[in-house]
Structure formats: structure tokens, C-alpha cells
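Residue numbers (my numbering), protein chains in the order written: chain A, 2 to 414; chain B, 255 to 597; chain C, 463 to 633; chain D, 129 to 324. Since the structure comes first, as C-alpha cells, the remarks are kept for the end.
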Amino acid sequence: MATDLEQARQSIGGLSVESVTETGEGRRDMVVNMGPQHPSTHGVLRVVLDLQGENIVGTDVQIGYLHRGIEKLSEARTYTQVIPLTDRTDYTAAMTGNQGLCVAVERLMELEVPPRGRYIRTMIAELQRLASHLIWLGTHAMDIGAATVFLYCFRERERILDFFEAFSGARLTYSYYRVGGVAGDAPPGILQQIYEFTNYFVDRLAENEELLTGNDIWLARTQGVGIISAEEAVAIGLTGPSLRGSGLAYDIRKAEPYEAYADMDFEIPVFPDGDVFARYRVRIEEMKQSVRIIRQCIEHMPDGPVNVQDSRVTPPKREVAMTHMESMINHFMWNIHSFPTPKGEVYSAIESPKGELGYYIVSDGSNKPYRLRIRPPSFCNLQALPLLVRGQMIADVVACIGSIDIVLGEVDR
Amino acid sequence: MEWYYPFIVLAKVVIVLIGVSLAAYINVYFFRKELGRMQSRMGPNRVGPEGLLQSLADAVKMLIKEDTIPADSDRLLFKIGPALLIIPIFVAFAVVPFSNDWSFGQTVLHPVISNTNVGLLIVLALTSMGVYGVVMGGWASNNKYGMMGSLRASAQMISYEVTLGLSVIGVVMLAHSLNLGDIVEGQASGTFATWYIVRQFPAFIIFFAGIMAESARPPFDLPEAESELVAGYHVEYSGARFFIYQTAEWSAMLLWVCVAVILFFGGWLPPFGALSFIPGWLWFIAKCYALIFTIIWVGATWPRIRYDELMTLNWKVFLPIGIANFFIVAAWKTIAASLGVGV
Amino acid sequence: MGLDPDALLDRLQAHFPEAILQRAVARGEATALVRTGDLVAVATYCRDEGELRFDHLSDIAAVDWPRRPERFDVVYHLYSIPANHRLRLKVHAADGQPVPTVTAVWPAANWLEREVYDLMGVEFAGHPDLRRIMMWDDYPYFPLRKEFPTEGEPDEPADYHVSFPPGTERV
Amino acid sequence: MAKVPVAPMIDGLKVTFDNLFRPPTTIQFPEERRPEQARERGMPVLRSFPDTGECRCVACGLCEVVCPGHCLEVHAQPEGGDRRVRILEAYILDASHCLFCGYCAAACPVEAVVMSDIQDMAGFSRRNMIFDLQQLMELGRRFEPTYQATKGAVEFRLPDPDTESGRLLENKPLDLSEGPVERPTPVAVPVRSKSV
Numbered sequence: 002m003a004t005d006l007e008q009a010r011q012s013i014g015g016l017s018v019e020s021v022t023e024t025g026e027g028r029r030d031m032v033v034n035m036g037p038q039h040p041s042t043h044g045v046l047r048v049v050l051d052l053q054g055e056n057i058v059g060t061d062v063q064i065g066y067l068h069r070g071i072e073k074l075s076e077a078r079t080y081t082q083v084i085p086l087t088d089r090t091d092y093t094a095a096m097t098g099n100q101g102l103c104v105a106v107e108r109l110m111e112l113e114v115p116p117r118g119r120y121i122r123t124m125i126a127e128l129q130r131l132a133s134h135l136i137w138l139g140t141h142a143m144d145i146g147a148a149t150v151f152l153y154c155f156r157e158r159e160r161i162l163d164f165f166e167a168f169s170g171a172r173l174t175y176s177y178y179r180v181g182g183v184a185g186d187a188p189p190g191i192l193q194q195i196y197e198f199t200n201y202f203v204d205r206l207a208e209n210e211e212l213l214t215g216n217d218i219w220l221a222r223t224q225g226v227g228i229i230s231a232e233e234a235v236a237i238g239l240t241g242p243s244l245r246g247s248g249l250a251y252d253i254r255k256a257e258p259y260e261a262y263a264d265m266d267f268e269i270p271v272f273p274d275g276d277v278f279a280r281y282r283v284r285i286e287e288m289k290q291s292v293r294i295i296r297q298c299i300e301h302m303p304d305g306p307v308n309v310q311d312s313r314v315t316p317p318k319r320e321v322a323m324t325h326m327e328s329m330i331n332h333f334m335w336n337i338h339s340f341p342t343p344k345g346e347v348y349s350a351i352e353s354p355k356g357e358l359g360y361y362i363v364s365d366g367s368n369k370p371y372r373l374r375i376r377p378p379s380f381c382n383l384q385a386l387p388l389l390v391r392g393q394m395i396a397d398v399v400a401c402i403g404s405i406d407i408v409l410g411e412v413d414r
Numbered sequence: 255m256e257w258y259y260p261f262i263v264l265a266k267v268v269i270v271l272i273g274v275s276l277a278a279y280i281n282v283y284f285f286r287k288e289l290g291r292m293q294s295r296m297g298p299n300r301v302g303p304e305g306l307l308q309s310l311a312d313a314v315k316m317l318i319k320e321d322t323i324p325a326d327s328d329r330l331l332f333k334i335g336p337a338l339l340i341i342p343i344f345v346a347f348a349v350v351p352f353s354n355d356w357s358f359g360q361t362v363l364h365p366v367i368s369n370t371n372v373g374l375l376i377v378l379a380l381t382s383m384g385v386y387g388v389v390m391g392g393w394a395s396n397n398k399y400g401m402m403g404s405l406r407a408s409a410q411m412i413s414y415e416v417t418l419g420l421s422v423i424g425v426v427m428l429a430h431s432l433n434l435g436d437i438v439e440g441q442a443s444g445t446f447a448t449w450y451i452v453r454q455f456p457a458f459i460i461f462f463a464g465i466m467a468e469s470a471r472p473p474f475d476l477p478e479a480e481s482e483l484v485a486g487y488h489v490e491y492s493g494a495r496f497f498i499y500q501t502a503e504w505s506a507m508l509l510w511v512c513v514a515v516i517l518f519f520g521g522w523l524p525p526f527g528a529l530s531f532i533p534g535w536l537w538f539i540a541k542c543y544a545l546i547f548t549i550i551w552v553g554a555t556w557p558r559i560r561y562d563e564l565m566t567l568n569w570k571v572f573l574p575i576g577i578a579n580f581f582i583v584a585a586w587k588t589i590a591a592s593l594g595v596g597v
Numbered sequence: 463m464g465l466d467p468d469a470l471l472d473r474l475q476a477h478f479p480e481a482i483l484q485r486a487v488a489r490g491e492a493t494a495l496v497r498t499g500d501l502v503a504v505a506t507y508c509r510d511e512g513e514l515r516f517d518h519l520s521d522i523a524a525v526d527w528p529r530r531p532e533r534f535d536v537v538y539h540l541y542s543i544p545a546n547h548r549l550r551l552k553v554h555a556a557d558g559q560p561v562p563t564v565t566a567v568w569p570a571a572n573w574l575e576r577e578v579y580d581l582m583g584v585e586f587a588g589h590p591d592l593r594r595i596m597m598w599d600d601y602p603y604f605p606l607r608k609e610f611p612t613e614g615e616p617d618e619p620a621d622y623h624v625s626f627p628p629g630t631e632r633v
Numbered sequence: 129m130a131k132v133p134v135a136p137m138i139d140g141l142k143v144t145f146d147n148l149f150r151p152p153t154t155i156q157f158p159e160e161r162r163p164e165q166a167r168e169r170g171m172p173v174l175r176s177f178p179d180t181g182e183c184r185c186v187a188c189g190l191c192e193v194v195c196p197g198h199c200l201e202v203h204a205q206p207e208g209g210d211r212r213v214r215i216l217e218a219y220i221l222d223a224s225h226c227l228f229c230g231y232c233a234a235a236c237p238v239e240a241v242v243m244s245d246i247q248d249m250a251g252f253s254r255r256n257m258i259f260d261l262q263q264l265m266e267l268g269r270r271f272e273p274t275y276q277a278t279k280g281a282v283e284f285r286l287p288d289p290d291t292e293s294g295r296l297l298e299n300k301p302l303d304l305s306e307g308p309v310e311r312p313t314p315v316a317v318p319v320r321s322k323s324v
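What follows is the structure, given as C-alpha cells:
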């Protein structure tokens, strides 16, 4: 167990946390590679921990094991073809990956999605938030040792995936959003089922909360663990529920409403403590708010088209494709060339379940993005991990990783 | 002493060994099934009817798997680690009485291998030995997670030995004996009101937590906490040696449950005199499984406790309660003796 | 929303008449091209000035324009949580010309700059820990540059893609 | 852990105990399956005409173009010296690169390639994931009844019947007076299919 001083890398996000590796009390006994194969690093995260006993004196987070070059691949694909790639970024919330891209392209092309499309997209996004938070809750609880919650959460999530399958035909990589709308209108009867599901879900969420929120062991494991102050959180780039757990009410759904969020009545849960428990509470309360939004969407679901009425971006109908020479040419041209976008650049951010999901698109006027940059919330949130775990124990590292809700597919892209 | 006496002992040993091993596998099945149903799953249901042969299939699988020894490990310690854990536990079953005495005419058969006067001490002493197996296994595997697991295990088991020992002192003082059979007889009055769980409830809570920590059941499964230490002290073990570790863990739980039933739940005694037509060994088994059910239930519900909290809980909560319990029982006995009241 | 884009840029230009080389407003987004040497000063001003208060660095991206002498755009997306407005800062950088780091202004820039360095090859002067972050340490290319082929460099280890001429028997 | 475990922990025990008596939510997968959704996007397969057994594919190559994963290959040969007539020579799907996005099915003008309900594909070799024309047609024949049953809902990209997006130029509305044809046939275009 010789300590390799060469590995003493202190990557602590530029904040001045003094290195305690080799001096005096902060002596390091052991270097442990947590990951890339470890049950609770949520994929292929590698955390190099400098340990003194079970206490952590240094952290180096290493990523890149899942890097697939999605940004590079996008440059060789039309905007429509990029949509399936965005599924593969945050695969626990693939809908929001689609959504982020589509909102950005719509902003680039200055399109206005019709109301029904916006409502469906909002509802789907909130269902996706539920599904994503359920995975987070399950894995977070399992990391802390409550394996039962994990299975309960997946039980509820299956129901949501059933809805997604009815909408899109897939259970994980949906590719459901389209530029200017969605791929298809809601199947008949599904809205009623979703409404009934929300009632069921609220009960089940209360059950999960009973297992965790008041439990003394859970409190002992989460309260006062992984504290990050609001100033530090902003400085290190935390967004989403992780930031709101530090007491800052920054939510893009309120700050810069997109889709139909301007019409919705909901609150932004904020807890000021900045510890693991606060972030847990934020997400639990957020699920309740998501249920509210879903219900409002269904109650006020407008009629009409779900796609923008613009022949530039809306795919032609197949029925007419084979009836007329020109319509067939149009069909082929649209499918081969997709649609061009005006020259320019746009940065559009949406509130994904993990935080601020930004798409920066530079267009050179062609049908493919000249440069497509994804601002991944997980990536920026993971950067805060060394701050969260200072002075904690190994068991807390696991709790902290869970509490910032990272997905390595999005971190590495 | 009759000539056949050694054969009877030998027969008892064989029966207990087989019975304990069998019970360990039944427990694994019971555990999986109960956990499955609590988690809205089905549990094993593929191998055999209702999955009854799942544990057997797992055992066969583990026994025929390749047995790997990591490079640069301490091969000797790595090999004897599992044995050091399992042997003391099986030996300790020698002093556990499973039922009341059976009489065949003139002959009385004690359903215990060794009806010794210091049975409880032997159990405590032997189970303390088990920690060496864990420490050796974890340390010899030359794995950091294994070492941390074994460090945690040693600290946890040694600490909880203390409170465990302390919690049974009250029972021993009330029963005036360290013989496990006598402790059960000390609770006999026809109803469950004289069981020591009623008179020694705080001691039982400590004892219960202690046995969960000793047998590393969740929420005290820190030595092998899979989300932190991957698999803890047996992270490098595979095949037959892993199988021995698993068997030892389940047997240890069984042993502790048996002891708990004897100490606090009146062993084979029925809860009401009217129910005494049911044989004692059935009562014993029923009580054991009720306790195992509870252990699994708690493990399925509560999150894992953190290492420092585990220690805090032991030394700052359980130890003072145990000491207070000891003094209260001692004072009560002294007062009662001076008043001439039986206890 | 907070300040409108034009007012934002006016304020910035008033304070840095030299350093702001260009300004643009498109689709409600304000963009300022900053002289590379003045980046840290502008960034600090953006963060600290009373009405701007860009406390949140959303993103750092780099865009490659191979035919331009200063071929890289490094793009900083700023957001102000208290004031709720956004600003895009841009600097130009030639190949091999380092860009001053903003890690001292926003610690969040640490990984973002590392990623830009890793994938685009823009160096950041003064960065505390400029290592590769996605690719492995001795990887020889910068994969997001335009000259890097999408399918990977030819001398990389062969990937799993197999081409199947028609009639190939399936194994 | 300064406090003694209190009521909330007992509440948690109640939850797990309640679940002990609820029916399990899992299903026994290979024997039981979830009800299939009409829009299910499984593996792409090729349909053929039931009467002649010929593949519907007209070798236009549109699916190859729209595929984001570049997993489709359509090989066509001009018949004789006539460049206007293309014969489908080979159709190769590399399912290990397939994203299951359904773009090929959406783009196909003759509904030849469709997304089937085949979800459980597994093989011991990467080459097992490569399907040729005959295999895709065989799978398509098996899928045909399901396709007919769920056809309406599979129509995946038609958000609104009022969308006049079929027109080529915005100022030149399309004449739809003929009404939609009942079954699109390859005869309508100057290409024809021929299975190899």
C-alpha cells in the first residue's frame, strides 16, 4: 500500500482549499481508486481518493470513460439526425436532451411551437423530471444502504416509461421531440391515464418519504454532510436542484420561461442548508411540483396542431408523397437535406432534471450545425465534488456523489 | 457412563452440523423470498418449485467456480481466513440446546451436544474468535477495499462484543446460571410474562443490535457495505472460499438468533401453558424464524449507518444503557434478597 | 429579465472602449468580442459591477474557423442569477496562442477550460491544472478541430466498424 | 445518532411490511411480456408483397441517407443499360449500430422498411447483428400481421392532418383532388423492386 506521491493531484476547482496531502496532520495513508468500476459511481466515474484512515484528505475526479464525441458527431449530421444523439447524453432523462436541442434550434430559426405542442412538451418534460428524480432517489438511497427504496422507485418509473413508450415507441432513447414540435400527438386516452398516475404517484412518493425523510439513520447520513455554501455553489457552477439545495432559487423554468412554463402555476423549492439532506428535500419537493405542472398541462391541454405549421421544418406527409411528382421530390429533398438554419449563433438553456442544460449552436447557414456545444449540467455539478467531500468519510463520498445527481453519459458526452 | 455414549455425541454432532448447514440455506432462501416480497419483487422462483432449490444451485455454482487467489496476497492467510471464521461458529453450536429434554423411558436425551455450565461464556468466547477470520481474509487479499472492510469488521465486532456481553449480564444475574438450558428454565412459569424480554427489554434491544452488528446484517453491514467498499473483506474471494464466508455469515446469524431466543424468548417454552402440547423444538424454530424475519425486515427498511455513527451508537448509547441495566438489576436483586422476595 | 442586451453592451463598451472590439445583438442575445489580453479585466468587471453581476459562468465553448488567421473563438456564456440576464463574451485565439484563464474569476471555468483545451487545443495561460480531461493523457490529437475526421484518425487502433460486402456470409 | 430511534423509523417498517402483502410488480419476462405499444420501435424489418413475395423496397436509398447511425446499406444496380430502372441488389442492416430512432421507417416512401416489435436481439458475435435482405424480409413477413393491426398508430410523423406540408413551394399549393391512394405501389415511380 505504498503511497504514490506522483498521484497527489489536488483538483479542487480552483477554490483555495489548502493541500493537506503531505504535511503534518493531513498525512495521507492510502490512495484509493474509487471507480471506474464501483457500485456507486453511477457508471464510469473514477475518483482518486487520498485517505487518512477513512477520512478524505484529497480528491481527484477523473472522467472521460464514456466520451463518445457527440459534439463532433453532430457536425456531420443534420439537425434531425442529431436528435437521437442527444438521447445518449443524459440517458436517464433523454427527453430533456431532445428538448434542449429542439428549443435551441427553434430559437435559432425563430419558430413558435403551437400551444398543444408546447403543452405536450411541457408535460413530457415534467414526466421526465419525475422519472429522472426517481432514478436519482433510488440510487441515492441504495448508495446509502436503503436498497428497498431503489426498487420502489423503479416500480414507479416503469409506469412513466410506459407512457413514454406510448408516446414515442421507446423506453430509453425516445427521440420524441422534433424541431418545431413533437413526433406525434398524444395517443388516445393517455392523458387520462397520466392524470390517474399522478394520484397514484403522490401516494407512493409519500411512502418513499416515510422510509427516508424522518428516519434517524437517513438524517444522520445526510444532514451536515457535503455542505456547500451558496457562494461556493454559484462559483463552482452548480445548477439545478443541487444549487437550490444551497438556498438559491435559480430555476430556468421561472427565470427564462420556455415551452409552456409561463402559463404554469408552480413553486421553486429551495432549502438553505446546502447539505445532502437539503438537496434531497429539494428534489422530493420538486417531484411534487412536477405533479402539479403535469396536472395543469392535462387540465388545460389545448387543441390544435402539435407541430409548427412551417413547411421548412415539418416533415411532409407520406400519404401525399406518392401521389404527385412534386410532392415526391419534396419528400426526398426534405429527408435528404432536412432543413437549413439561418446563419448565426444561439445559446439556449433549459432546466433539465440535473440543472442547466445549455445548447450552443453555431450555424453557417447549412442544414448541419457548424458547431454544437452541449453545456452539460452533470459535468459542471460534478466539478463540485471535491468541495463537497472535503473532510468527510468514504461513506459520505458515496452520499455526495448521489446528491449531485450525475449521469456519466452527460458528463462525458 | 454407558458404552454407547460417544456414539450418541457423535450422532448429535452430525445432526447439528447437517441441521445448521441446512438451516443456513433455508435462511438464505427465506431471506431472498422475504426481501423480494418486501421490495415488490418475487424472489427466487426459477430453480425448483417456488425457487426452493435456488440456494442449492448457488452453492453448487460457487463450489465449482474457479477459485482465484490474487497476486501478491498472503496465500496462507488468504486460505485459512474463511476457515477461521466458520470453525468457531460451528463449534459454538455445541453448547446450544435446541429443545427440552427428551426422555425415552429411563433414558433422558439432552438435545445439546455439550451441556456445559459455562455455555454462554463459550458462545461469547468463540464468536470473538471469528473476527480473526475476517481480518485475515481482508488483509491477506492485498486489496484496499478488503483491508478497509476488515478494519471496519474488527473494530465493529470488538466494540459490539462489549455491549453484547454487558447486555446479557442482567439475564445471567436473573437466571443465576451461565448454562443456556438453565437460563431457559429460569424463564419457565407457564406464560410469556416471565420471559426475560419482558423483564430485560433494554438489554434485549442492545443485544438485538449487537447480534445484527456481529453478523453484519444491514443496517450494520459496514464490513461489506457494497456501495462503499464494493464487497469489503471478501472482495477478492471467489468460489469455495467465498462460499465458506457466506455460510459462516448465515450460520453466525443463526447462532445469534438461537442464543437470543434462549436468553430472551424462553427458548422452547410455549407463550401460554395451554399451548404446551406443541413440542418444544417447534416453538424454538418458530421463535428463531420470527427473529430472523425481524432482522431481514429491519435490514430491508433502514439505510446503512455510517461507521463513526455505529461507534457512537455503541459507545455512547448502548454502553451506558447496558451499564445502567447492570446496576439496576444488581440493585433490584440486592433489595429483593434483603426483603426475602424471590426474583 | 434584467438589463436588455443593448444596455448591457453599452455599459460594457463605456467601461472598456478599447477592449470591446465588436458587439452584436441577435435573437435577444448580447455578444461582445473582447480583446484577448483584456479578457480577465472584462470578466472581473462583469462579475463585480453592481448592475451586471454575472456571477454564474454557464459555459465555455470553442469554435474552430480553420481559414481564419486567429482560428479559434473561445466563447464564454455568462448569466447573472440576481439580475437574470445573459451575456456572451468572445475572444479570438490563434493556434498555439494561449488565452488568459478565468478560473480566478469563476472557479467553474476549471473543468470547462480543461475540456476546451482537451478537445480543441486552446491553451489557457495561468490555469492551475491544465490536463486533458476527456481523452487520455498522451492522446496526440485535438478531436473537435475541423481537420480531425469524424471517423477518427487513420492510425488509431482499428475500431469495431466492419464493412460487409454484399453476400458476405454471416459468422 | 444522539437520539434513540423513534417513531419515523417504525413508520418505515410499516411501509415494507405493507408491501410484503401486495402483489409483486415484476413479471416473468420470457413467458410474460408487457402489452406492446402501437408505436413500439424495435428492429427495422422489410415488408414484402404477400401475393408475389417481392420486397416492397424500391432501392431509393432514402433510408440510408436519413440514418443517423449509418447502419443501413442499400445496394442497387441499374438493370441492363437503363439507368432509370434500379434493382435492389442487397439491403444490409448493421443492427449493432442501429439507434432504433425510426427515421428510416418514417422516410420510406413505400412503407417497405418499418419498425417491428422485435426487441430481444442478442448474439455471440458482432456479425450476428448484421442482417441481409432475405433475413429482413423473413422478419418482415412475421411482423406483417402486427403491422397491419397497429398501422394507424404507427403513423409516427403525421402530427396534424391539416398540415399542408406536402407542398413544395409555399405559394404553390398541392393539388390533392385525386385523394390519397389506397396502397402506394412501386408502379407509381419509375423504379421497380426485385428481390435477389
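Beta carbons: idealized from backbone N, C-alpha and C, even for Gly.
Q) Within this structure, are the beta carbons of residue 277 (chain A) and residue 212 (chain A) separated by less than 7 Å? A) Here residue 277 (chain A) is taken as the residue at index 276 of the first sequence, counted from 1. Here residue 212 (chain A) is taken as the residue at index 211 of the first sequence, counted from 1. Against a cut-off of 7 Å, the Cβ pair of residue 212 (chain A) and residue 277 (chain A) comes out as no contact.
Q.
If the cut-off is 7 Å on Cβ atoms, which residues from the stretch 287-313 of chain B count as contacting chain A, listed in chain order?
A. 292, 293, 294 and 295
Q: With 8 Å as the C-beta to C-beta threshold (strictly closer), list the residues of the stretch 549-566 of chain B near chain A in chain order.
A: 554, 555, 556, 557, 558, 559, 560, 561, 562 and 563
(Q) 7 Å is my cut-off, CB to CB: does residue 397 (chain A) come that close to chain D? (A) Here residue 397 (chain A) refers to the residue found at position 396 when the first sequence is read from its first residue. No, residue 397 (chain A) does not count as interfacial toward chain D.
Q: Indicate whether at least one CB of chain E lies closer than 7 Å to the CB of residue 471 (chain C).
A: Looking at the structure shown, chain E is missing, and the protein chains on hand are A, B, C and D.
Q) Do the stretch 330-342 of chain B and the stretch 499-519 of chain B touch if we need at least three Cβ pairs shorter than 8 Å? A) yes
**Q.** residue 481 (chain B) at chain A interface by Cβ criterion, 7 Å
**A.** Taking the second sequence and counting its residues from 1, one reaches residue 481 (chain B) at position 227. True, the Cβ-Cβ gap to chain A drops below 7 Å.
Q) Is there contact here, the stretch 314-326 of chain B with the stretch 356-363 of chain B, by at least three beta-carbon pairs under 8 Å? A) no
Q) Under 7 Å, do residue 294 (chain B) and residue 284 (chain A) count as touching if we go by C-beta distance? A) The sequence position of residue 294 (chain B) within the second sequence is 40, counting from 1. The sequence position of residue 284 (chain A) within the first sequence is 283, counting from 1. Not in contact: residue 294 (chain B) and residue 284 (chain A) (Cβ atoms no closer than 7 Å).
Q: Just tell me which of A:286, A:201, A:239 and A:110 has its CA closest to the CA of residue 367 (chain A).
A: As a working note, residue 367 (chain A) is residue 366 in the first sequence. It is A:110 whose Cα lies nearest to the Cα of residue 367 (chain A).
Q: Establish whether the CB of residue 183 (chain D) and some CB of chain A are separated by less than 7 Å.
A: Position 55 of the fourth sequence, counting from 1, holds the residue named residue 183 (chain D). False, the Cβ-Cβ gap to chain A never drops below 7 Å.
(Q) Less than 7 Å between the beta carbons of residue 556 (chain B) and residue 477 (chain B), yes or no? (A) Position 302 of the second sequence, counted from the first residue, corresponds to residue 556 (chain B). Position 223 of the second sequence, counted from the first residue, corresponds to residue 477 (chain B). The answer is no: Cβ separation not under 7 Å.
Q. When DSSP labels each residue in this structure, what does residue 472 (chain C) get in the three-state scheme?
A. The residue labelled residue 472 (chain C) in the question sits at position 10 within the third sequence. Correct three-state label for residue 472 (chain C): helix.
Q. When the cut-off is 7 Å and only beta carbons count, does residue 347 (chain A) lie next to chain C?
A. Residue mapping note: residue 347 (chain A) aligns to position 346 of the first sequence, counting from 1. Judged by the 7 Å Cβ criterion, residue 347 (chain A) is in contact with chain C.
**Q.** Enclosing beta strand (DSSP E) for residue 356 (chain B) [first to last residue]
**A.** Position 102 of the second sequence holds residue 356 (chain B). Per DSSP, residue 356 (chain B) belongs to the beta strand (DSSP E) from 356-358.
**Q.** Sub-7 Å separation of residue 295 (chain A) and residue 199 (chain A) beta-carbons
**A.** By 1-based counting over the first sequence, the position of residue 295 (chain A) is 294. By 1-based counting over the first sequence, the position of residue 199 (chain A) is 198. Yes. Within cutoff.
(Q) For residue 203 (chain D) and residue 329 (chain A), what's the separation of their Cα atoms in angstroms? (A) Counted from its first residue, the fourth sequence places residue 203 (chain D) at position 75. Counted from its first residue, the first sequence places residue 329 (chain A) at position 328. Straight-line Cα distance between these residues: approximately 21 Å.
**Q.** Alpha-carbon to alpha-carbon, residue 493 (chain C) and residue 486 (chain C)
**A.** Here residue 486 (chain C) refers to the residue found at position 24 of the third sequence. Here residue 493 (chain C) refers to the residue found at position 31 of the third sequence. C-alpha separation (whole angstroms): 5 Å.
Q: Output the distance between the C-alpha atoms of residue 271 (chain B) and residue 228 (chain D), rounded to the nearest integer angstrom.
A: Locating residue 271 (chain B) in the second sequence gives position 17, counting from the first residue. Locating residue 228 (chain D) in the fourth sequence gives position 100, counting from the first residue. Going from the Cα of residue 271 (chain B) to the Cα of residue 228 (chain D) covers about 56 Å.
Q. For residue 35 (chain A), which beta-bridge partners are listed by DSSP?
A. Walking along the first sequence from the start, residue 35 (chain A) turns up at place 34. The partner list for residue 35 (chain A) (beta bridge, DSSP) reads A:48.
Q | In DSSP terms, what residue 369 (chain A) is bridged to | A | One-based indexing of the first sequence puts residue 369 (chain A) at position 368. Partner(s): none; residue 369 (chain A) has no beta bridge.
Q: To the nearest angstrom, report how far apart residue 274 (chain A) and residue 407 (chain A) are at their CA atoms.
A: Working through the first sequence from its first residue, we reach residue 274 (chain A) at position 273. Working through the first sequence from its first residue, we reach residue 407 (chain A) at position 406. Approximately 20 Å, taken between the alpha carbons.
Q | Inter-residue Cα distance where the pair is residue 551 (chain B) and residue 61 (chain A) | A | Walking along the second sequence from the start, residue 551 (chain B) turns up at place 297. Walking along the first sequence from the start, residue 61 (chain A) turns up at place 60. Answer to the nearest angstrom: the Cα atoms are 38 Å apart.
Q) Distance, Cα to Cα, residue 277 (chain D) vs residue 166 (chain D)? A) Taking the first residue of the fourth sequence as position 1, residue 277 (chain D) is located at position 149. Taking the first residue of the fourth sequence as position 1, residue 166 (chain D) is located at position 38. Going by the C-alpha atoms only, they are around 9 Å apart.
Q: Might you give, ordered along the chain, the residues of its own chain that have their beta carbon closer than 7 Å to the beta carbon of residue 323 (chain B), omitting 5 neighbours on each side?
A: Taking the first residue of the second sequence as position 1, residue 323 (chain B) is located at position 69. Around residue 323 (chain B): 329 and 332.
**Q.** Assigned exposure category for residue 218 (chain A) - 16 Cβ within 10 Å defines buried
**A.** The residue given as residue 218 (chain A) occupies position 217 in the first sequence. Per the 10 Å Cβ criterion, buried.
Q) Checking contacts by CB at 7 Å: is residue 486 (chain C) closer than that to chain A? A) Position 24 of the third sequence, counting from 1, holds the residue named residue 486 (chain C). With 7 Å as the cut-off, residue 486 (chain C) does not count as an interface residue toward chain A.
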